[in-house]
Amino acid sequence: HGVSPGRHVTLRAEPSTASKSLARIPSNATCLRSFGCQGGLTFEEFTTLSDEQKRRRAAENPRWCKVDFRGTVGWVAGRYLAEDACSPATTPGQFR
(Lines of atoms letter the chains of each structure in order from A and count residues from 1; the text may use other names and numbers.)
(Lines give C-alpha, C1' and ligand atoms only; values in the text may rest on other atoms or scores of the structure.)
Protein backbone atom coordinates (compact mmCIF):
# COMPACT_ATOMS: atom_id res chain seq x y z
CA HIS A 1 0.00 0.00 0.00
CA GLY A 2 1.45 3.37 -0.97
CA VAL A 3 4.53 1.93 -2.67
CA SER A 4 5.22 3.12 -6.22
CA PRO A 5 5.13 0.51 -9.00
CA GLY A 6 8.56 -1.01 -9.54
CA ARG A 7 9.67 -0.16 -6.00
CA HIS A 8 9.87 -2.46 -2.98
CA VAL A 9 9.40 -2.64 0.79
CA THR A 10 12.17 -4.04 2.94
CA LEU A 11 11.45 -7.08 5.10
CA ARG A 12 13.58 -6.72 8.23
CA ALA A 13 14.83 -9.06 10.95
CA GLU A 14 13.52 -6.77 13.74
CA PRO A 15 10.93 -3.96 13.87
CA SER A 16 13.39 -1.16 13.13
CA THR A 17 14.74 0.58 10.04
CA ALA A 18 18.22 -0.05 11.46
CA SER A 19 17.63 -3.81 11.47
CA LYS A 20 19.14 -6.26 8.99
CA SER A 21 17.34 -6.57 5.64
CA LEU A 22 16.00 -10.08 4.94
CA ALA A 23 14.22 -9.57 1.62
CA ARG A 24 12.73 -7.01 -0.74
CA ILE A 25 8.97 -7.24 -1.18
CA PRO A 26 7.82 -5.87 -4.56
CA SER A 27 5.08 -3.22 -4.55
CA ASN A 28 2.70 -5.60 -6.32
CA ALA A 29 3.05 -8.51 -3.84
CA THR A 30 -0.22 -9.78 -2.35
CA CYS A 31 -1.41 -12.19 0.33
CA LEU A 32 1.38 -11.86 2.85
CA ARG A 33 0.66 -13.95 5.94
CA SER A 34 0.36 -11.72 9.00
CA PHE A 35 1.53 -12.66 12.49
CA GLY A 36 0.32 -9.41 14.04
CA CYS A 37 1.48 -5.87 14.53
CA GLN A 38 2.91 -3.74 17.31
CA GLY A 39 3.01 -0.01 17.87
CA GLY A 40 0.91 2.58 16.09
CA LEU A 41 -2.03 4.55 17.39
CA THR A 42 -4.44 3.11 19.92
CA PHE A 43 -8.16 3.34 19.17
CA GLU A 44 -8.45 6.10 21.78
CA GLU A 45 -5.60 8.09 20.19
CA PHE A 46 -7.10 7.61 16.73
CA THR A 47 -10.51 8.88 17.84
CA THR A 48 -9.47 11.74 20.14
CA LEU A 49 -6.24 13.31 18.85
CA SER A 50 -6.02 16.07 16.28
CA ASP A 51 -4.46 15.24 12.90
CA GLU A 52 -1.21 16.90 13.94
CA GLN A 53 -1.15 15.00 17.25
CA LYS A 54 -1.81 11.74 15.37
CA ARG A 55 1.12 12.40 13.01
CA ARG A 56 3.42 13.17 15.93
CA ARG A 57 2.30 10.10 17.91
CA ALA A 58 2.65 7.80 14.90
CA ALA A 59 6.20 9.07 14.34
CA GLU A 60 7.04 8.41 18.01
CA ASN A 61 5.52 4.92 18.00
CA PRO A 62 5.51 3.53 14.43
CA ARG A 63 3.49 0.43 13.61
CA TRP A 64 5.47 -2.65 12.55
CA CYS A 65 3.91 -5.90 11.37
CA LYS A 66 5.42 -9.38 11.35
CA VAL A 67 4.72 -11.14 8.04
CA ASP A 68 5.70 -14.16 6.00
CA PHE A 69 6.87 -13.37 2.48
CA ARG A 70 7.50 -16.54 0.48
CA GLY A 71 8.79 -18.44 3.50
CA THR A 72 10.85 -15.63 5.02
CA VAL A 73 9.39 -14.19 8.22
CA GLY A 74 10.29 -10.66 9.23
CA TRP A 75 9.02 -7.17 9.97
CA VAL A 76 7.56 -4.53 7.65
CA ALA A 77 6.62 -0.94 8.44
CA GLY A 78 2.84 -1.11 8.87
CA ARG A 79 2.20 2.01 6.80
CA TYR A 80 2.98 -0.05 3.68
CA LEU A 81 0.41 -2.77 4.37
CA ALA A 82 -3.32 -2.94 3.70
CA GLU A 83 -5.76 -5.70 4.49
CA ASP A 84 -7.07 -7.69 1.57
CA ALA A 85 -8.87 -10.98 1.13
CA CYS A 86 -6.89 -13.83 -0.42
CA SER A 87 -8.73 -16.49 -2.34
CA PRO A 88 -7.95 -20.15 -1.59
CA ALA A 89 -6.30 -20.38 -5.03
CA THR A 90 -3.94 -17.48 -4.30
CA THR A 91 -0.33 -18.31 -3.54
CA PRO A 92 0.93 -16.27 -0.56
CA GLY A 93 3.43 -13.63 -1.66
CA GLN A 94 2.37 -13.78 -5.29
CA PHE A 95 2.54 -10.76 -7.56
CA ARG A 96 -0.28 -9.03 -9.42
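First residue of the sequence shown? That's 15 in my numbering, and the numbers climb one at a time after it. We put the CB at the ideal spot given by N, CA and C, even for glycine.
Which residue comes first and which comes last in the alpha helix (DSSP H) that contains residue i?
i	result
A73	D65 to E74
At which residues does the beta strand (DSSP E) containing residue i begin and terminate?
i	result
T86	T86 to A91
T56	From DSSP, T56 is part of no beta strand (DSSP E); its letter is neither H nor E.
H22	H22 to R26
K34	Note, K34: premise wrong, no beta strand (DSSP E); not H, not E.
D98	Per DSSP, D98 belongs to no beta strand (DSSP E) and is neither H nor E.
When DSSP labels each residue in this structure, what does residue i get in the three-state scheme?
i	result
T44	coil
V17	coil
Out of the options, point me to the one whose CA is closest to residue i's CA.
i	options	result
A32	A99, G16, C100 and A91	A91
T24	T61, D82, G54 and G53	D82
R84	C45, E28, G16 and D65	C45
E74	T61, T86, T56 and V87	T56
V17	A37, R93 and R77	R93
V87	P76, A27, D65 and L95	A27
E97	A37, S48 and P29	S48
R111	L63, H15, L95 and G54	This structure gives no information on residue 111, because the portion of the chain shown stretches from 15 to 110.
State the CB to CB distance for the pair residue i and residue j, rounded to an integer number of angstroms; the pair is presumed to be in contact (CB under 8 angstroms).
i	j	result
C51	C79	4 angstroms
W89	P19	Contact flag wrong, Cβ pair sits at about 23 angstroms.
Check whether the Cβ of residue i lies closer than 7 angstroms to any heavy atom of the ligand ATP, and answer yes or no.
i	result
K80	Annotation note on the ligand ATP: not contained in the displayed structure, which lists no ligands.
Check whether the segment 23-42 touches the segment 59-70, taking contact to mean three or more Cβ pairs, one atom from each stretch, closer than 8 angstroms. no
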